[in-house]
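In the numbering used here, the protein residues as written are -8 to 454.
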């Protein structure tokens, strides 16, 4: 895109997709940097790390030595720790201080969806924490190194049953998903590749301290994988995968879909995949090329992605600087909308797109808007709280500063919060409602209601 074509609206789009949206000052700062400068600023290294729970340094008790009652208590404690860990992760996304931190958080969540793992099966807080820290540390690092790391990751080894994969009795789950979902895609490998790939992964399991290679369980005989023959182990298997041209194309397609919300054209896919492979799978380079690509700013892309529940909840809470009396409300909202972190529907992760919008989930999205506008947590969202309790607050003043005219306030709110503008009729109704609210509410309460009304528009579900 020529620098002369770069606009404030393009900067807003960039922050919507590369982050969770942004406030006017953040959008304006990106706009002033120009396209290349804005993208580079989002991709700069950041020092922020995920919250570290107190229990991560505790010695792990030997499960076999625990009594029946102690095991029951341990399972209960693990469940509490997992819920708290997920809640802390959600809050860390909401509290990202800079756009660069937002992009890192977005990529961390991308890897979670790509290498999907569920706490319904992996009920080990330490393993889930280690995986989350891995995704955070390598958010825009080397995909090749991350693929090597994932076949050593305790949570993944548990989730895809590689702890049961041994010489003479291979388990094919990890080998299959490693190629089908994590690197190559369907049609780029055979059942024979899966069988011998599983043999290469034998013995790669876990111990008290995390990953452990059990040499006696490993099949060291010759294997043929994707046309190559040798005494391969898991690392060899990964290297063979990375040598396949289909690997770069598969990952670029997923990254483009994640940021652009649609499939890339064959020309875009070919160009970006060639650059990704030439860079030795440098994710930072791939994301930079995507976010600088003219097609990323086209009318076909802007305003045509349905916000995932995480984008909707995190983006709203961060942009509005929402304060809640219990962060658990975010987990509850995400659960009702269908996207609780670390509880994907299956190993494929969340399907996304129109799957986010069915009747029940759409009602929940409107309930979320009502909660923001009224400042009350509905009883059907959290039955343990009184429905009239004020549990949600935000100060709308930073959104509109010193504007007082209803027309100007609505124009400013729609400019900041909507990618797709309201129709003339919707704009008139928003203005009319605000004018009426200003007649009997405080200015702050009236603008808060206006934000809620705007969030109920279909356009607010898009970015």
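All C-beta atoms in this analysis are idealised placements derived from N, C-alpha and C, irrespective of residue type, glycine included.
The structure presented is a predicted model; accordingly, all values stated were derived computationally and were not measured.
query                                                                                                                                                                                        : result
Which first and last residues belong to the alpha helix (DSSP H) in which residue 186 is found?                                                                                              : 182 to 191
Counting Cβ pairs closer than 8 Å, one from the segment 178 to 192 and one from the segment 349 to 361, do we hit at least three?                                                            : no
Going by the beta-carbon positions, is the gap between residue 107 and residue 146 smaller than 8 Å?                                                                                         : no
Could you name each continuous beta strand (DSSP E) segment of 3 residues or more that falls completely within the segment 212 to 245, going from the start of the chain to the end?         : 214 to 216, 219 to 221
Hey, how far is the Cα of residue 391 from the Cα of residue 139?                                                                                                                            : 49 Å
Give every residue of the same chain whose Cβ lies closer than 8 Å to the Cβ of residue 314, excluding the five residues on either side of it in the sequence, and list them in chain order. : 383, 384, 385
List the endpoints of the continuous beta strand (DSSP E) containing residue 195.                                                                                                            : 195 to 198
Tell me the DSSP secondary structure of residue 260 in three-state form.                                                                                                                     : helix
Going by Cα to Cα distance, which pick from 174, 271, 446, 127 is closest to residue 245?                                                                                                    : 174
Only counting the same chain, and skipping five residues up and downstream in sequence, which positions put a Cβ closer than 7 Å to that of residue 333?                                     : 77, 108, 109, 110, 119
How about residue 421 and residue 413: are their beta carbons less than 8 Å apart?                                                                                                           : yes
Pull up the CB-CB distance for residue 34 and residue 94, whole angstroms please, since I reckon it's below 8 Å.                                                                             : 7 Å
Checking 8 Å against the spacing of the C-beta atoms, do residue 202 and residue 214 come in under that value?                                                                               : no
What is the residue span of the beta strand (DSSP E) that residue 204 lies within?                                                                                                           : 201 to 204
Helix or strand or just coil, what does DSSP make of residue 210?                                                                                                                            : coil
Within 10 angstroms of the Cβ of residue 299, are there 16 or more other Cβ atoms? Answer buried if so, exposed if not.                                                                      : buried
Check whether the segment 266 to 280 and the segment 320 to 339 are in contact - that is, three or more C-beta pairs closer than 8 Å.                                                        : no
In its own chain, which residues sit with a C-beta less than 6 Å from the C-beta of residue 123, not counting the 5 before and 5 after it?                                                   : none
Given this structure, state the Cα-to-Cα distance separating residue 253 from residue 18, to the nearest angstrom.                                                                           : 24 Å
Excluding five sequence neighbours on each side, which residues of the same chain lie with their C-beta closer than 7 Å to the C-beta of residue 167?                                        : 185
To the nearest angstrom, report how far apart residue 237 and residue 103 are at their CA atoms.                                                                                             : 22 Å
Do you know how far the Cα of residue 40 is from the Cα of residue 378?                                                                                                                      : Legend: pLDDT at residue 378 = 47, less than 50; position of this residue unreliable, value from coordinates given subsequently. Near 35 Å, if we compare the C-alpha coordinates of residue 40 and residue 378.
Can you give me the C-alpha to C-alpha distance between residue 231 and residue 218, rounded to a whole angstrom?                                                                            : 9 Å
Output yes or no for whether 8 Å exceeds the beta carbon distance between residue 271 and residue 132.                                                                                       : no
Using C-beta distances below 6 Å, list every residue in its chain close to residue 98, excluding the 5 sequence neighbours before and after it, in chain order.                              : 130, 131
From the DSSP output, in three-state form, read off residue 114 for me.                                                                                                                      : coil
Under 8 Å by Cβ, that's how I've got residue 283 and residue 27 pegged, so tell me the actual separation to the nearest angstrom.                                                            : 7 Å
Short check: CB of residue 68 to CB of residue 339, under 8 Å?                                                                                                                               : no
From the DSSP output, in three-state form, read off residue 379 for me.                                                                                                                      : Residue placement at residue 379 is poorly supported in this model, since its pLDDT is 46, which falls under 50; the coordinates are not used for a value here.
In three-state DSSP terms, what is residue 452?                                                                                                                                              : helix
State the DSSP-derived secondary structure class of residue 273, mapped to helix, strand or coil.                                                                                            : strand
For the 8 Å Cβ check, are there 3 or more pairs between the segment 391 to 408 and the segment 357 to 368?                                                                                   : no
Which residue spans inside the segment 284 to 356 form an unbroken alpha helix (DSSP H) run of at least 4?                                                                                   : 300 to 310, 319 to 328
Specify the secondary structure class of residue 122 as computed by DSSP and reduced to three states.                                                                                        : helix
In the structure shown, what three-state DSSP assignment does residue 133 receive?                                                                                                           : strand
With a CB to CB cut of under 6 Å and the five nearest residues on each side skipped, what residues in its chain are close to residue 233?                                                    : 135
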